[in-house]
Amino acid sequence: MARKIQAIRGMNDILPDQSSVWLYLEKTVADVVKSYGYQQIRFPIVENTDLFKRGVGETTDIVEKEMYTFNDRNGESLTLRPEGTASCVRAADQAGLLFNQTQRLWYMGPMFRYERPQKGRYRQFHQIGVESFGMGTADIDAELIILSARLWQKLGLLGQVELQLNTIGLASEREAYKAALVDYLTQFKDQLDEDSQRRLGTNPLRILDSKDEATQSVLKEAPSLEDFIGEESQSHFERLQTILKANGISYVINRRLVRGLDYYGKTVFEWVTSHLGAQATVCAGGRYDGLVEQLGGKPTPAVGFAMGIERLVLLLETLDLIPQSAKFSADVFVVSIGDDAEVASFVLAEKLREVSPNLVILRHCGGGSFKNQMKKADKSEARFTLILGQDEIDQGICQVKDMSTGEQQSHPLHDVVAYLNSKL
RNA sequence: GUGGGCGUAGCUCAGUUGGCAGAGCUCCGGAUUGUGAUUCCGGCGGUCGUGGGUUCAAGCCCCAUCGUCCACCCCA
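Residue numbers (our numbering): 601 to 1024.
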């Protein structure tokens, strides 16, 4: 036997028993976003490397060490998308969808980051993103959060996920705060943990979530981001909270919440859970008013969020929230004995599919003894098994066996379809 | 990139101080001719992740390597 080739590390196959959960989740999301007037957009998995360098931020970990980047045959540097927002902006702007108008868009698909895999984190992972453009007021921030809450409600996750909210102000306010924070922390540099010392030069805001105790005690006296937030950002944040409260959305304000990607400003939020180990965030987003312009478009306000499908699937499984209707099973199993019956069973199965297109009708293929076929019928968990042999063909009938009761009765061939249709 | 756990049949896993490679499930066949889930009998299925080393003898001990899981970092 030839040596087997395995899937790439961190890139998983979604096997049949899992794919039904994915379909259920995707369908639920598609229905919810549609009900809020969002339309799907699809864009390529590969983009010019510069799109992500400029969009995500040159000094972020994603760009510095996590991208799958390679040269095209003509020498151009291409990258497998590590996230969706930059591509979404590029696609929408390229098509002129962002000019003097508002857009409500969503997308879904694989993203790629070169990281060590662990629970809920993979090198190829899947996100569903929801983005809005052309609206700078807090109402649209609220709409997106309310939409996500409705999705949790539909999935049975409300109460299992917690909404964390923060405002990180305007870029200029954040820069001023960063400078103050770095000034302060530099005095205590030797008391900070190793990672935080490094982040002082790269991503100082991240030090705020350090898990190191010594670092946290240094942070107690540090300047607070809140004090640097200007009037505009503050009232935007308050308006958002007013709308959320009126809609019964509960949340906690987490002043330490800063997003990893450079493009965020004003509102940031995360939905977190305690059921998934270290990967607590199942959905995260915020406002990114500067991104469109940064990518060469006209200044356009925007807000959006992305959720991790793997994490949501894991969460649904962990909490046993997959409805029975989402699971795959057959309704009718068709077995036959003999050549004539085989042909007739095809015709019967097709007639049934014609009349009841939503039923799952599994017609046995591949030969095997009658006993064997009945075993397959049992495994399929079909409610009814149709049995056709030479005797039945001769008499123009079909045996219909109710697999749960074991009861079996014969029906004229021309009545079987109507009978099953009434029973299922 | 760093740290720790685990790699034995398709799946879940036993395997004693180093002494003939095992179970359950699945799959296939049989227990009266054309009837499934329970039961009984039989069968298929393995380079013990891979490569070295120690030993009369290695699934077990040592080294390396690959894979996987969890955590750090970072993030959905």
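Backbone N, C-alpha and C define an ideal beta-carbon position, used for all residues, glycine too. All values derive from a computational prediction rather than experimental measurement.
Length of the line joining the Cα atoms of residue i and residue j
i: M711; j: A906; result: 11 Å
i: K820; j: Y784; result: 11 Å
i: G966; j: V935; result: 11 Å
i: S1033; j: T1005; result: Examination of residue 1033 is not possible in this model, given that the chain is present from 601 through 1024 alone.
i: Q639; j: D617; result: 29 Å
i: L808; j: S732; result: 29 Å
i: L705; j: E910; result: 21 Å
i: Y722; j: L895; result: 28 Å
i: L988; j: F670; result: 58 Å
i: N1027; j: S810; result: The chain is shown only over 601 to 1024; residue 1027 falls outside these bounds and no answer can be derived.
i: T679; j: I645; result: 8 Å
i: L697; j: T737; result: 19 Å
i: D920; j: Q760; result: 12 Å
i: G729; j: N847; result: 23 Å
i: A982; j: D994; result: 26 Å
i: D1015; j: A930; result: 21 Å
i: Y714; j: R609; result: 10 Å
i: V632; j: A779; result: 42 Å
i: G801; j: F725; result: 30 Å
i: G908; j: Q727; result: 5 Å
i: I605; j: P682; result: 25 Å
i: T867; j: Y851; result: 13 Å
i: D790; j: I768; result: 27 Å
i: H836; j: F984; result: 59 Å
i: Q924; j: Y624; result: 11 Å
i: A878; j: N612; result: 20 Å
Residue i burial status per 10 Å Cβ neighbour count (16 or more: buried)
i: E794; result: exposed
i: E773; result: buried
i: G720; result: buried
i: T842; result: exposed
i: T702; result: exposed
i: T918; result: exposed
i: I662; result: buried
i: F933; result: buried
i: F970; result: exposed
As assigned by DSSP and simplified to three states, the class of residue i
i: A949; result: helix
i: L825; result: helix
i: F788; result: coil
i: L962; result: strand
i: N1021; result: helix
i: L705; result: strand
i: T660; result: coil
i: D1002; result: strand
i: S874; result: coil
i: T802; result: helix
i: P616; result: helix
i: A738; result: helix
i: Q753; result: helix
i: S796; result: helix
i: G853; result: It is Ile, not Gly, that sits at residue 853 in the sequence shown. I853 falls in the strand class under three-state DSSP.
i: L988; result: strand
i: A926; result: helix
i: I993; result: helix
Pick from the options that is closest to residue i, judged by C-alpha positions
i: G734; options: L770, A822, P616, G890; result: G890
i: T628; options: Y722, K754, L805, E1007; result: K754
i: F946; options: L840, D809, L986, Q894; result: L986
i: N674; options: T918, S732, E838, N648; result: N648
i: F928; options: S980, V892, V903, E917; result: S980
i: S677; options: Y668, T685, G684; result: Y668
i: F643; options: G684, N612, K789; result: G684
i: E942; options: K845, G904, C998; result: C998
i: Q787; options: N700, R839, K604, T815; result: T815
i: S635; options: G709, A691, I614, I746; result: I746
i: N854; options: I937, E838, L916, Q764; result: Q764
i: K845; options: D739, G996, A878; result: D739
i: G897; options: R806, Q694, V882, I614; result: Q694
i: V621; options: K665, L916, F869; result: L916
Cβ distance (whole Å) where residue i is taken to contact residue j below 8 Å
i: D862; j: T660; result: 6 Å
i: L651; j: S687; result: 7 Å
i: P717; j: L781; result: Not confirmed; about 33 Å, so no contact.
i: G655; j: V689; result: 7 Å
i: T900; j: V892; result: 4 Å
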